[in-house]
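Chains as they are written, first to last, in this note's numbering: chain A, 1 to 222; chain B, 1 to 222.
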């Protein structure tokens with residue numbers, strides 16, 4: 001059986017889970033608490049990070065970006081990375097936007113400070129980081145809304161990895177109750193569409209000890 | 001003419017310049033000082049970062065990773081991202097290793113603190129960051145040495161993007177005199193091989209006002 005070493009509230013792992021789900025590739029998820037620095041896990045991925053996918057043939061694939069590129073090459077149907085060069089550039093541009101810029105501006109400041117800092121025993125959230133994170137959330141959701149209003153999906157006419165990268169970050173912030181959906185109707189409509197996909201259901205069932213998501217988190221009509 | 005918006009001492013831009021050079025794709029390099037936040041550049045890349053490649057047909061490609069994937073798809077010869085799925089996983093794994101882990105452990109702490117902080121007017125280097133960077137440089141060069149001793153090139157039998165990603169970071173640190181080559185003979189031998197490639201020559205001619213590289217920086221017999 002294909003194995004995914006992951007952590008439920010990691011947006012990078014969620015992106016990979018969505019891609020595996022959309023491509024209908026069954027896998028066994030194994031939760032890895034990377035801050036515990038297990039030696040067996042370090043042998044699997046010297047970088048010490050999740051996600052790591054292990055294929056049935058033994059191929060070990062670390063890093064969410066490496067995994068997604070691999071999955072698209074190994075299992076091209078359905079196509080999630082675009083067909084033309086220009087489509088592929090736009091999808092990958094947006095994946096980098098969410099995994100790097102959105103992460104730096106928002107995710108690291110909110111999820112990083114409130115959840116991962118506590119879980120890994122690195123102390124209390126930093127007030128300045130939280131303020132920066134909250135200030136950045138609205139412009140970023142507005143950008144998602146702008147894209148979603150001018151196109152069928154974030155990167156163009158087709159659902160793609162760009163939507164999953166965005167939804168992975170947004171869903172983690174929604175889990176900790178940090179998104180005020182009433183303020184961003186266009187982003188809300190896009191998120192409602194992607195949230196209703198079968199590939200999303202496992203993410204809505206995630207539970208993390210000590211953190212209770214708001215009641216609307218798993219609700220498709222939020 | 002193809003244009004590359006870049007900054008000479010950015011390892012991500014250097015990786016792209018090496019790939020363009022190896023694929024013999026002519027381009028005009030334009031230096032962008034991203035911390036000046038020029039509006040025209042923000043219009044080109046909302047993320048506000050270099051490198052950005054602009055093709056003759058007008059296609060705008062931001063982000064070093066997106067550019068390298070694009071170049072391999074648009075100009076597949078010579079192959080620099082591997083042929084089999086396993087080769088491509090290993091090359092991309094190492095690119096992620098250098099662009100993320102090496103960057104976080106070493107480059108950001110040394111080049112980031114000593115060069116980019118000053119250039120962008122964010123003050124003096126942080127002593128703790130410098131200590132962390134210097135402590136991490138040796139184990140990382142040892143890892144490069146181990147790879148280079150057990151394989152022809154870092155990711156396997158063929159020269160690949162993994163070598164360029166590594167050499168891009170190493171060359172920037174070498175520019176500011178932070179690498180003691182006497183301590184890592186295996187990494188030295190690998191770097192001497194890659195440094196002697198024609199694609200590397202433009203990097204050895206880089207000059208940045210206010211920073212003088214050590215005499216051996218551009219020397220092929222260092």
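Where is the CB? At the ideal position from N, CA and C, for every residue including glycine.
For chain A, the residues of the stretch 49-71 of chain B that bring a beta carbon within less than 7 Å of one of its beta carbons are 59, 61, 62, 63, 65, 66, 69 and 70, in chain order. In chain order, 145 place their CB closer than 8 Å to the CB of residue 185/B, counting only its own chain and leaving out the 5 sequence neighbours on each side.
About 20 Å separates the Cβ atoms of residue 47/B and residue 29/B, ruling out a contact at the 8 Å cut-off.
Note on residue 156/B: 16 or more other CB atoms within 10 angstroms of its CB, so buried under the neighbour-count rule.
Contacts between residue 96/B and chain A, judged by CB atoms closer than 8 Å, involve 47, 62, 63, 65 and 66 in chain order.
Within 10 angstroms of the beta-carbon of residue 143/B lie 16 or more other beta-carbons, which makes it buried. The contact set of residue 85/A on chain B, defined by CB atoms closer than 8 Å, consists of 59, 70, 73 and 74 in chain order. In summary, no residue of the stretch 112-129 of chain B has a CB separated from any CB of chain A by less than 7 Å.
When Cβ pairs closer than 8 Å are counted between the two stretches, the stretch 197-213 of chain A is seen not to touch the stretch 7-18 of chain B, the count staying below three.
8 Å or more divides the Cβ of residue 116/A from the Cβ of residue 166/A.
In the DSSP assignment, residue 61/A forms a beta bridge with 53/A. Counting C-beta pairs with one atom in each stretch, the stretch 86-104 of chain B and the stretch 116-131 of chain A have fewer than three that are closer than 8 Å, which means they do not touch. Judged by DSSP in its simplified three-state form, residue 81/A adopts coil rather than helix or strand. Among the residues of chain A, those whose CB is under 8 Å from the CB of residue 88/B are 69, 70 and 73, following chain order. With its beta carbon at least 8 Å from every one in chain A, residue 183/B lies outside the interface. When the beta-carbon positions are compared, residue 59/A and residue 22/A stay at least 8 Å from each other. Secondary structure at residue 156/A: strand, using DSSP grouped into helix, strand and coil. In the displayed model, residue 184/B falls within coil according to three-state DSSP, outside both helix and strand. Residue 110/B sits close to residue 173/B, with the two beta carbons spaced by under 8 Å. The beta-carbon distance between residue 159/A and residue 153/A, rounded to whole angstroms, is 5 Å. This is short enough to meet the 8 Å contact definition.
Where residue 137/A is concerned, the enclosing alpha helix (DSSP H) starts and stops at 127-150.
Of the candidates 163/A, 124/A, 7/A and 54/A, 7/A places its Cα closest to the Cα of residue 35/A. Put simply, the CB of residue 92/A is near chain B, with a gap under 8 Å to one of its CB atoms.
Secondary structure at residue 202/B: helix, using DSSP grouped into helix, strand and coil.
Listed in chain order, the non-local C-beta contacts of residue 163/B below 7 Å within the same chain comprise 153, 154 and 194, local neighbours out to five positions each way being set aside.
In the structure shown, residue 11/B falls within a helical segment according to DSSP collapsed to helix, strand and coil. By the Cβ neighbour-count rule, residue 183/B is exposed, with fewer than 16 other Cβ atoms within 10 Å of its own.
By the CB criterion at 8 Å, residue 64/A and residue 51/A fall inside the cutoff. Residue range 28-31 is occupied by the beta strand (DSSP E) that includes residue 28/B. For residue 101/B, the closest Cβ of chain A is nearer than 8 Å. Excluding its 5 nearest sequence neighbours in each direction, residue 106/B has C-beta neighbours in its own chain below 8 Å: 133, 136, 137, 140, 169 and 173, listed in chain order. When 151/A, 104/A and 41/A are compared, the shortest CA-CA separation from residue 33/A is found for 41/A.
Beta-bridge pairing by DSSP links residue 3/B to 28/B and 54/B. Distance check between residue 57/A and each of 45/A, 3/A, 82/A and 200/A places 3/A closest, using alpha-carbon atoms only. DSSP, read as helix, strand or coil, puts residue 176/B in coil. Counting along the chain, the unbroken alpha helix (DSSP H) around residue 40/B starts and ends at 39-44.
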